[in-house]
Amino acid sequence: TEEPYRMLTSRCEFRLLLRHDNADRRLAPIGRRLGLIDDERWAELQRRWKAMEDEMKRLEETVIHPGEKTNALLTASGSSPIKEPAKAAELLRRPEVTWELLAELAPPQEAVDQEISGAVTVEIKYKGYIDRQKSQVERMKKMEKVLLPPDFDYDSVPGLLSESRQKLNQMRPATLAQAGRISGVTPSDLQILWVALERSRRRGGNSLGATLEE
Numbered sequence: 004t005e006e007p008y009r010m011l012t013s014r015c016e017f018r019l020l021l022r023h024d025n026a027d028r029r030l031a032p033i034g035r036r037l038g039l040i041d042d043e044r045w046a047e048l049q050r051r052w053k054a055m056e057d058e059m060k061r062l063e064e065t066v067i068h069p070g071e072k073t074n075a076l077l078t079a080s081g082s083s084p085i086k087e088p089a090k091a092a093e094l095l096r097r098p099e100v101t102w103e104l105l106a107e108l109a110p111p112q113e114a115v116d117q118e119i120s121g122a123v124t125v126e127i128k129y130k131g132y133i134d135r136q137k138s139q140v141e142r143m144k145k146m147e148k149v150l151l152p153p154d155f156d157y158d159s160v161p162g163l164l165s166e167s168r169q170k171l172n173q174m175r176p177a178t179l180a181q182a183g184r185i186s187g188v189t190p191s192d193l194q195i196l197w198v199a200l201e202r203s204r205r206r207g208g209n210s211l212g213a214t215l216e217e
């Protein structure tokens with residue numbers, strides 16, 4: 004697009020996956036391949052990643068039983084008391100419940116530093132949103148393979164928003180994924196384009212053989 008919108012963190016793609024607390028998990032493997040991370044640092048990173056995975060697994064498997072102490076702590080935090088046993092991770096997904104509160108109810112066997120507990124909290128509390136965004140990433144990868152003909156007639160596609168039609172004609176994206184990155188082009192527009200491309204290819208005897216929902 005004409006604006007440098009991806010320079011702004013509020014406008015970058017897949018913000019939930021591009022967090023400061025997971026920067027090492029995203030970028031360290033690349034640095035390792037490039038020889039920028041030595042063996043000692045790499046071993047330390049792997050230790051921390053394993054500690055995080057272990058803590059997430061512990062919270063997913065630990066069962067918190069209802070009781071006077073449990074419900075008193077939940078109530079004090081502004082959360083509802085429980086009447087049935089619940090997994091610790093399930094309770095952590097509540098907005099009012101913190102990792103520190105759960106550590107009082109079900110202390111970990113080994114000390115967990117604040118950086119790890121914070122990252123675990125984010126992963127568990129926002130798991131549904133994070134999983135949804137990961138699905139969007141896979142969807143985008145699929146769209147990268149869908150080519151838009153240079154002479155594609157956007158004016159002949161019914162249902163496109165007028166703003167989207169104007170920008171698509173102006174920018175002439177090479178793929179459906181590039182079209183999706185144009186400011187103002189909506190997911191609905193992409194679906195309409197996908198259907199139009201599929202119809203065009205079927206008329207030419209070459210089907211995409213997939214849908215955006217897959």
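Each residue of the sequence shown is one higher than the one before, starting from 4 at the first, in my numbering.
Don't be surprised by glycine CBs; every beta carbon is placed ideally from N, CA and C.
Local Cβ density within 10 Å of residue i, reported as buried at 16 or more and exposed below that
| i | result |
| --- | --- |
| Thr78 | exposed |
| Lys53 | exposed |
| Ala182 | buried |
| Ile40 | buried |
| Lys170 | buried |
| Leu163 | buried |
| Phe155 | buried |
| Leu95 | buried |
9 angstroms Cβ cutoff met for residue i and residue j
| i | j | result |
| --- | --- | --- |
| Val123 | Glu47 | no |
| Ile195 | Val160 | yes |
| Ser167 | Val188 | yes |
| Ile85 | Thr101 | no |
| Pro176 | Leu151 | yes |
| Glu147 | Ala180 | yes |
Option nearest residue i by Cα separation, candidates the options
| i | options | result |
| --- | --- | --- |
| His23 | Thr101, His68, Gly121 | Gly121 |
| Arg28 | Gln49, Leu95, Val115 | Gln49 |
| Lys60 | Leu39, Glu99, Ile127 | Ile127 |
| Asp116 | Ile40, Leu200, Asn25, Met55 | Met55 |
| Asp158 | Ala199, Ile133, Ile185 | Ala199 |
| Lys145 | Leu193, Glu43, Ala31, Asp156 | Leu193 |
| Asn25 | Ile185, Ser82, Ile133 | Ile133 |
| Glu93 | Ser82, Ser186, Leu62 | Leu62 |
| Pro153 | Arg205, Met174, Met143 | Met174 |
Residue i - DSSP class collapsed to helix/strand/coil
| i | result |
| --- | --- |
| Val160 | coil |
| Leu21 | coil |
| Val100 | coil |
| Leu150 | strand |
| Thr78 | helix |
| Ile67 | strand |
| Thr124 | helix |
| Leu86 | The sequence given here has Lys at residue 86, not Leu. If DSSP states are grouped into helix, strand and coil, Lys86 belongs with coil. |
| Thr189 | coil |
Proximity test, residue i beta-carbon vs the ligand FMN heavy atom, cut-off 8 angstroms
| i | result |
| --- | --- |
| Ile119 | The ligand FMN is not part of this structure, which contains no ligands at all. |
Problem set entry | Inter-stretch contact (C-beta, 8 angstroms, three-pair minimum) for the region 105-121 and the region 134-148 | no
Problem set entry | contact_flag[the region 87-97, the region 64-79] where n(CB pairs < 8 angstroms) is 3 or more | yes
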